[in-house]
Amino acid sequence: GQNIDQPTEMTATEGAIVQINCTYQTSGFNGLFWYQQHAGEAPTFLSYNVLDGLEEKGRFSSFLSRSKGYSYLLLKELQMKDSASYLCAVRADPTNAGKSTFGDGTTLTVKP
Amino acid sequence: DAEITQSPRHKITETGRQVTLACHQTWNHNNMFWYRQDLGHGLRLIHYSYGVQDTNKGEVSDGYSVSRSNTEDLPLTLESAASSQTSVYFCASSGPGQGATEAFFGQGTRLTVV
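For the record, the sequence lines run as chains A and B. Under this note's numbering, residues 1 to 112 are what the first sequence spells out, in order. Under this note's numbering, residues 113 to 226 are what the second sequence spells out, in order.
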């Protein structure tokens, strides 16, 4: 079976740093994705980790520990436009990226 | 630019009717997927396809069917719409192989069954 847990909601202040955690228990593992989804819009890709460690991309970083079944998404220098839902997704099938199991998402609210 | 489009964007239908949601991609991707997203929840996989004439069931496939007659399109059919199928439906596509690091999503179809 597949189980992915994320906090339901988080609030942070503009300019601050926020860390969104994701823990997973899946029957297989071939990569972890983070997607951003603004209200009423489609998910868009943020990051991908398949090996342990930190991947940095501008203001966004993602970390993975496979032995702990744990990942986090770090957002720095928060902006109001970062208010969105952040979806953690685990790929068990190595042949393609779309067949992933998603967590319920973390709704981040950025306040002035 | 390549894209993935869904139609219609909004649909209201009656219980028991057959409904088809369209998905068209110009990425030339082999892999296509249908997810549903209910309020406050993540995406759940309905059906997926790895290529022409290939279709597979996802975790919530009951009451849905798909067909893949060409690379570009994966229509989703609700055989007999039920109120429990009121949801937002997202189509996605991705390239093959471990080098594929992301799925591209359509803008979604909001379906209401009354």
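Every residue, glycine too, gets a C-beta built ideally from N, C-alpha and C.
Check                                                                                                           : Outcome
Below-8 angstroms beta-carbon distance, His159 of chain B vs any chain A residue                                : no
CB contact check: Lys99 of chain A to chain B, cutoff 8 angstroms                                               : yes
Candidates A:Ser100, A:Lys57, A:Leu32, A:Leu73, of which the one nearest Leu108 of chain A by Cα                : A:Leu73
Test: Gly154 of chain B CB closer than 8 angstroms to a CB of chain A                                           : yes
Secondary structure, alpha helix (DSSP H): runs of 4+ residues fully inside the region 34–78 of chain A         : none
DSSP bridge partner residues for Ala193 of chain B (one or two, in chain order)                                 : Its beta-bridge partners do not exist; DSSP assigns none.
Contact with chain A by Glu214 of chain B, beta-carbon distance below 8 angstroms                               : yes
DSSP three-state assignment for Asp82 of chain A, whether helix, strand or coil                                 : helix
Cβ distance (whole Å) where Cys22 of chain A is taken to contact Ser71 of chain A below 8 angstroms             : 5 angstroms
Chain-ordered neighbours of Tyr70 of chain A on chain B, where CB pairs are closer than 9 angstroms             : Those within 9 angstroms of Tyr70 of chain A in chain B number zero; the least Cβ separation is about 18 angstroms.
Cutoff 6 angstroms; reference Asn49 of chain A; Cβ partners in own chain excluding five residues on either side : Leu32, Glu55, Ser62, Leu64
Which of helix, strand or coil DSSP assigns to Ala89 of chain A                                                 : strand
CB of Gly87 of chain B within 8 angstroms of CB of Val200 of chain B, strictly                                  : Because residue 87 of chain B is not part of the residues shown, which for chain B are 113 to 226, the question remains open.
Nearest residue (CA-CA) to Cys203 of chain B, options B:Leu151, B:Ser195, B:Pro187                              : B:Pro187
Integer-rounded CB distance, given that Tyr35 of chain A should sit under 8 angstroms from Leu51 of chain A     : With a Cβ gap of about 20 angstroms, Leu51 of chain A and Tyr35 of chain A do not count as contacting.
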